[in-house]
Amino acid sequence: MRILVLALLLLSTNIFAQTSQVRSGLPNGVTIEYVANEGILISSGTDKVFIDAIHRPYKDFAAFTPDEQLAKIESGRYPYNTATLVLVSHKHGDHFSAESVAMFLKKNKFASLASSKQVTDLVGPLVDEETKSRITSIDYEAGGAKDITFGDVKVRFLGMPHGGNPGFDPNTMHNFGHLIEIGGKKLLHLGDADMDAEMLGKFDLEKEKIDVVFAPYWFLDSAEGRKLFKKQLKAKTVVAIHVPPKDSSQVIRSLLNSMPSAVVFSAPGEMLNY
-15 MRILVLALLL
-5 LSTNIFAQTS
5 QVRSGLPNGV
15 TIEYVANEGI
25 LISSGTDKVF
35 IDAIHRPYKD
45 FAAFTPDEQL
55 AKIESGRYPY
65 NTATLVLVSH
75 KHGDHFSAES
85 VAMFLKKNKF
95 ASLASSKQVT
105 DLVGPLVDEE
115 TKSRITSIDY
125 EAGGAKDITF
135 GDVKVRFLGM
145 PHGGNPGFDP
155 NTMHNFGHLI
165 EIGGKKLLHL
175 GDADMDAEML
185 GKFDLEKEKI
195 DVVFAPYWFL
205 DSAEGRKLFK
215 KQLKAKTVVA
225 IHVPPKDSSQ
235 VIRSLLNSMP
245 SAVVFSAPGE
255 MLNY
């Protein structure tokens, strides 16, 4: 009888401890879910962070948030009704939809948006005053950095100029990289940062002991980009994003030939767990 009572006490104590941990929001590992293009959802405990994940069809070179998933996000339905933070690297349509983000924020009263004024100025007119109070505009400066804490999530906003094709002026597009501390891990998302070793050197990222770096696929597919992973963008795991949907198989083969240890996100719902 004593053994049975002791066993029941141990069982109830264990259940109470687990329940208390869940209720208190203590991180229980980190899960990263791929959404589309450069979009990811990071979850740890009660914290959920969107980066570049809420956007509509834009151009055929970029994947977009799947229709069913976007509908759930815009209407604040499960499992996105508990997301706490939306981060946007820059205002291009394959990273961000002002209308979709505004709808999400209005439906989710616990969520905040933080980005450059180029992004927040597009969302602000679409929402009410209460929702505006949950929008933070970050001053952009190329090579500059700013730290902000949102609950248990620490974010360093890194002013990383947008990479440019011929005829494109990167100075007109404010691109933030994000160094995020969540659930005891450090994650770096580059947005569409330029492969500029001198500019990246201003952030001393090689000292950060980064667990995961998310980089546009062309970083992995060029000798210049691969040098950055060895010297400045050191991380335990390198994840390629922004993979074009039309040529995804060919691009993935090329990336894994260039960097066999890399992870490539190309299909919605792919996940990493830490």
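First residue of the sequence shown: -15, per the numbering used here; consecutive thereafter.
We put the CB at the ideal spot given by N, CA and C, even for glycine.
Predicted model only: the values in this text are computed from it and were never measured.
Per DSSP, residue i is paired with what?
{"i": "MET255", "result": "GLU17"}
{"i": "PRO200", "result": "ILE225"}
{"i": "GLU125", "result": "Bridge partners of GLU125: none, in fact."}
{"i": "HIS173", "result": "HIS162 and PHE198"}
{"i": "GLY23", "result": "ALA20"}
{"i": "THR133", "result": "LYS138"}
{"i": "HIS146", "result": "ALA177"}
{"i": "ILE35", "result": "ILE24 and LEU71"}
By DSSP, does residue i sit in helix, in strand, or in coil?
{"i": "ARG61", "result": "coil"}
{"i": "ALA47", "result": "coil"}
{"i": "THR120", "result": "strand"}
{"i": "GLY161", "result": "strand"}
{"i": "ILE166", "result": "strand"}
{"i": "THR30", "result": "coil"}
{"i": "LEU69", "result": "strand"}
{"i": "LYS193", "result": "coil"}
{"i": "LEU217", "result": "coil"}
{"i": "PHE249", "result": "coil"}
{"i": "PHE88", "result": "helix"}
{"i": "THR56", "result": "It is worth fixing the name first, because residue 56 is Lys in this sequence and not Thr. LYS56: helix per DSSP, three-state reduction."}
{"i": "PRO11", "result": "The predicted model places PRO11 with a pLDDT of 43, which falls under 50 and marks its position as unreliable; any figure quoted below should be read in that light. DSSP places PRO11 in coil when its eight states are reduced to three."}
{"i": "THR3", "result": "Unreliable positioning characterises THR3 in this predicted model, as indicated by a pLDDT of 32, which lies under 50. The coordinate reading is nonetheless provided below. THR3: helix per DSSP, three-state reduction."}
{"i": "PRO41", "result": "coil"}
{"i": "LYS259", "result": "Because the chain in this structure spans residues -15 to 258, residue 259 falls outside the shown range and cannot be described."}
{"i": "VAL103", "result": "helix"}
{"i": "GLY77", "result": "coil"}
Between the alpha carbons of residue i and residue j, how many angstroms are there, rounded?
{"i": "LYS93", "j": "SER238", "result": "43 angstroms"}
{"i": "ALA98", "j": "GLY175", "result": "14 angstroms"}
{"i": "MET157", "j": "MET179", "result": "15 angstroms"}
{"i": "HIS76", "j": "THR120", "result": "19 angstroms"}
{"i": "PHE134", "j": "THR15", "result": "18 angstroms"}
{"i": "LYS91", "j": "PHE249", "result": "29 angstroms"}
{"i": "GLY60", "j": "GLU22", "result": "21 angstroms"}
{"i": "ILE164", "j": "LYS170", "result": "6 angstroms"}
{"i": "SER232", "j": "ALA47", "result": "10 angstroms"}
{"i": "GLY143", "j": "ASN65", "result": "30 angstroms"}
{"i": "GLU83", "j": "GLU58", "result": "9 angstroms"}
{"i": "GLY167", "j": "HIS39", "result": "26 angstroms"}
{"i": "LEU212", "j": "ASN159", "result": "18 angstroms"}
{"i": "GLY127", "j": "SER73", "result": "15 angstroms"}
{"i": "THR115", "j": "VAL33", "result": "17 angstroms"}
{"i": "ALA246", "j": "GLU113", "result": "44 angstroms"}
{"i": "ASP195", "j": "THR221", "result": "6 angstroms"}
{"i": "TYR258", "j": "ASN155", "result": "36 angstroms"}
{"i": "LYS230", "j": "PRO252", "result": "15 angstroms"}
{"i": "LYS101", "j": "ASP131", "result": "16 angstroms"}
{"i": "PHE80", "j": "ASP123", "result": "18 angstroms"}
{"i": "PRO50", "j": "SER242", "result": "29 angstroms"}
Return the first residue and the last residue of the beta strand (DSSP E) that residue i is part of.
{"i": "ALA98", "result": "96 to 100"}
{"i": "PHE141", "result": "137 to 143"}
Quick one: give me the first and last residue of the alpha helix (DSSP H) that residue i is part of.
{"i": "LEU239", "result": "232 to 242"}
{"i": "LEU184", "result": "181 to 185"}
_Stretch-stretch touch, CB-based, cutoff 8 angstroms, three pairs: the segment 133 to 147 with the segment 105 to 113_ = In short, these stretches do not touch, since the Cβ pair count stays below three.
_Cβ contact check for the segment 201 to 216 and the segment 175 to 189: 3 or more pairs under 8 angstroms_ = Contact between the segment 201 to 216 and the segment 175 to 189 is present: 3 or more CB-CB pairs across the two stretches fall below 8 angstroms.
_Validate contact between the segment 186 to 205 and the segment 158 to 174 using beta carbons, cut 8 angstroms, 3 pairs_ = Of all C-beta pairs linking the segment 186 to 205 to the segment 158 to 174, three or more are shorter than 8 angstroms, placing the two stretches in contact.
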